[in-house]
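Be aware that the sequence shown starts at 1, since it is given in the numbering used here, and climbs by one per residue.
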Amino acid sequence: MGKNHCSCNPKDVVPSKHFYAKGKVDVFMVMSLSAYLTPETRENLDRLRGGRGFAEAIKNLEPARFFARDREEEKVLDSGHDFQVFRRHLIKDWFFPTFYFQKELVEIPDDPQLKAALEQYDVRVRLSRSGFLEIKLTKPIKKEGEKLIEILRNLMELRLANKGNSSDDHSTMLKLTLFCAEKFIENLPREIVVNEGTEPVKLTLQPLGPNPETLPYRQRYITLFFEEIYCTHCWGRRIEADKLRRDYMGVLAAVVEGVLVQDSRNNVNFPVIDEESYKKLVDLASWQNDLCIFAPERALIYYPAQKIFISGRNKTRDIDYKYYWECISRGIEHTVVIRTALQSIAFSTTEILENVPRLTERVVDGEISKEDTQDILRMARLFSYSFKTLPFLRDILVPSSSFRASYAVNKFEYLNEVLHIKEVKDYVERNVDELVSFVQFFSSMELQNEISSNQNAVERAGTIITIAALAAAAPSFLIDFVGVLGIQEPIAKSYAVIAFEALAVILILVATYLRFDGIKKIFRGFWKQTTRMR
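Written out as structure tokens, the structure reads:
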């Protein structure tokens, strides 16, 4: 190890005191776009999200004020293909323009917390094909570096711990995210027209306003980019990735898990994580001088400042190594958005399933009303929207179909595992299967009832025709019958009366039979009502 690298004995070092870092922190927020739509057009978003028409409509949207195209992001995507991280269709079909928030042009409300946040963070916003707002808050670390533990304290917003519920105690990052999202929505066209099928479909945007009653559905993921971690115990020498792996994996585990402890003297420190736990962390970096660790809510990326040579489409060129890791970060963001989309479908289908037991009971009892039928049709319509989105999501979740080189594919296969994406996808598919089964059951019961009704109608029609024929033929039959027997008046009249009385009895019995089903239903309803009263 070189003389400029830390070689301290770990027993002599206190990481919470001696470790400093240089680089930046990205806080990536995903928020549902449906919260920013008028109530009457929200269902349209579920119909359209993920589709090509929706993608074409939102890909060309640009805010009128306060936002500019992020050229740095465009450079990252361009490098991503040369680094063999992204496949071309991923960039073309899923990576939409990113806009940099020009905070110096905006009048900031008189909110000290918000003003301080805008000073600390750079903000970028984009729309996603899966129907979300993606907002990235980037906090550059001071040039001279900051204490590693202080970076974590700020991310955890420990100043808010044990505070009340006033608006000043809300998460600074959430407040900043909502403010920037509001400005972004305000400066987009109010109506978005999507060409889907034969008729255009409209989405109407509306801002949330300053104090929304409910906050949008959202997810968060943090990526720590460190170009250098140095140790002040040895006067600021760089700690190499290999030494961090060997001697300080417990500290790295605390960083990616976002955990700090406070002792009896109110000192905040990294927890002492047992070896068995931190050995479960996997370093996915291909090179010895790098670190790449994924956790469910955070990623840690550590790399040296250097340039590397890559063979591009036109020529070999040198490029800052950080752009490779920026590409990996962009892939992380994309994966988090896809997971959020799956979780959103899981939530909505579970909500629909809650109505199934009640409706099943009504279908079985034959007591289904017109309103129940409308509910079932609405359920079928709502969950059918997922059939359009799920194929896109399944395709994009196969890393080898989206990412090129093995070193990129391996990273995102592991990220999918860490984020439990397969479990979420399986959960969604089980929900959809159960809903399909219920709709099929309802359809079969409806068909059975219709067939039964048709059979009853045919039987009753046959009976009525028979009675009509009998009634028409009876007078002639009686006259012939009396004549054949040679019966004279007045005995003949007596026989005729007896025959007509017998015919009347037959007609009464048939009428009773025809009304029996109706009587049975009335009696069953009366019996159920009596039972409930008891």
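All C-beta atoms, glycine included, are put in the ideal place defined by N, C-alpha and C.
| Nearest-angstrom Cβ-Cβ length linking Val-432 and Ser-386, presumed shorter than 8 Å | Right, the Cβ-Cβ distance comes to about 6 Å (below 8 Å), so this counts as a contact.
| Measuring CA to CA, which of Glu-199, Glu-144, Ile-135 is closest to Cys-180? | Comparing alpha-carbon positions, the option among Glu-199, Glu-144, Ile-135 lying closest to Cys-180 turns out to be Ile-135.
| request: Say whether the stretch 233 to 241 touches the stretch 4 to 16, bearing in mind that this needs 3 or more beta-carbon pairs closer than 8 Å, one atom from each stretch. | output: Short answer: they touch.
| task | Flag this pair as touching only if the stretch 418 to 426 and the stretch 80 to 99 have three or more C-beta atom pairs under 8 Å; answer yes or no. | result | These segments do not touch.
| So the beta strand (DSSP E) Lys-136 belongs to, where does it begin and stop? | That run of the beta strand (DSSP E) goes 132 to 140.
| task | Quick one: using the 10 Å Cβ neighbour count with 16 as the cut-off for buried, is Trp-325 buried or exposed? | result | Its Cβ being crowded by 16 or more others within 10 Å, Trp-325 is buried.
| Where does Tyr-321 sit, in a helix, a strand or coil, going by DSSP? | Three-state DSSP puts Tyr-321 in coil, outside helix and strand.
| message | Less than 8 Å between C-beta atoms, sequence neighbours within five positions excluded: which residues of the same chain meet that for Ile-421? | response | Result list for Ile-421: Thr-335, Ile-338, Arg-339, Leu-342, Leu-397, in chain order.
| request: Report the rounded CA-to-CA distance for Ser-167 versus Lys-175, giving the unit in angstroms. | output: With a pLDDT of 49 at Ser-167, under the threshold of 50, the modelled position of this residue cannot be trusted; read the value that follows with caution. Cα to Cα, the separation comes out at about 9 Å.
| field | 6 Å CB neighbourhood of Ser-16 in its chain, flanking five on each side removed | value | Excluding residues within five positions, the ones whose Cβ falls inside 6 Å are Ile-149, Asn-269, Phe-270.
| query | Roughly how many angstroms lie between the CA atoms of Asp-93 and Asp-395, to the nearest whole one? | reply | Rounded to whole angstroms, the gap between the alpha carbons of Asp-93 and Asp-395 is 12 Å.
| query | Given a threshold of 16 other Cβ atoms within 10 Å of its Cβ, counted over all protein chains shown, does Val-364 qualify as buried or as exposed? | reply | With fewer than 16 other Cβ atoms within 10 Å, it is exposed.
| query | Val-439 to Ser-369, Cα distance in whole Å? | reply | When rounded, the distance between both Cα atoms is 16 Å.
| task | Check Tyr-427 in the structure and name its three-state DSSP category. | result | In this structure, Tyr-427 counts as helix in the three-state DSSP scheme.
| query | Which residue from Pro-212, Ala-299, Leu-188 puts its Cα closest to that of Ala-285? | reply | The residue with the shortest Cα to Cα distance from Ala-285 is Ala-299.
| field | Whole-angstrom distance between Ile-273 and Gln-113, CA atom to CA atom | value | C-alpha separation (whole angstroms): 34 Å.
| request: Let me know the secondary structure DSSP gives Arg-190 once reduced to three states. | output: DSSP places Arg-190 in coil when its eight states are reduced to three.
| task | Return the Cβ separation of Phe-54 and Arg-129 in integer angstroms, given the expectation that the two are a contact with Cβ distance under 8 Å. | result | The Cβ separation is near 7 Å, so the contact holds.
| request: Starting from Arg-220, trace the alpha helix (DSSP H) both ways and give me its first and last residue. | output: Premise fails: Arg-220 lies in the beta strand (DSSP E), 218 to 231, not in any alpha helix (DSSP H).
| query | So, using beta-carbon positions, are Pro-296 and Val-418 closer together than 8 Å? | reply | For Pro-296 and Val-418, yes; Cβs fall inside 8 Å.
| task | Give, in chain order, every unbroken run of the alpha helix (DSSP H) that is at least 4 residues long and sits entirely within the stretch 38 to 113. | result | Residue ranges of uninterrupted alpha helix (DSSP H) with 4 or more members, entirely inside the stretch 38 to 113 and ordered along the chain, are 42 to 48, 52 to 59, 71 to 82, 88 to 93.
| said: Please state the DSSP three-state secondary structure of Ser-166. | reply: Interpretation of Ser-166 is limited by its pLDDT of 49, a score under 50 that renders its predicted location unreliable; the figure taken from the coordinates is listed afterwards. The answer is coil: DSSP assigns Ser-166 none of H, G, I, E or B.
| task | Measure the CB-CB distance between Thr-204 and Leu-37 and report whether it falls below 8 Å. | result | Yes, Cβ-Cβ distance for Thr-204 and Leu-37 is below 8 Å.
| task | Tell me whether Val-256 sits in a helix, a strand or coil according to DSSP, three-state version. | result | Reduced to three states, the DSSP call for Val-256 is helix.
| query | What does a CB cutoff of less than 8 Å around Asp-12 pick up in its chain, not counting 5 residues either side in sequence? | reply | Closer than 8 Å at the Cβ level, and outside the excluded window around Asp-12, lie His-233.
| query | If you follow the beta strand (DSSP E) that Asp-122 is part of, which residue opens it and which one closes it? | reply | Per DSSP, Asp-122 belongs to the beta strand (DSSP E) from 122 to 127.
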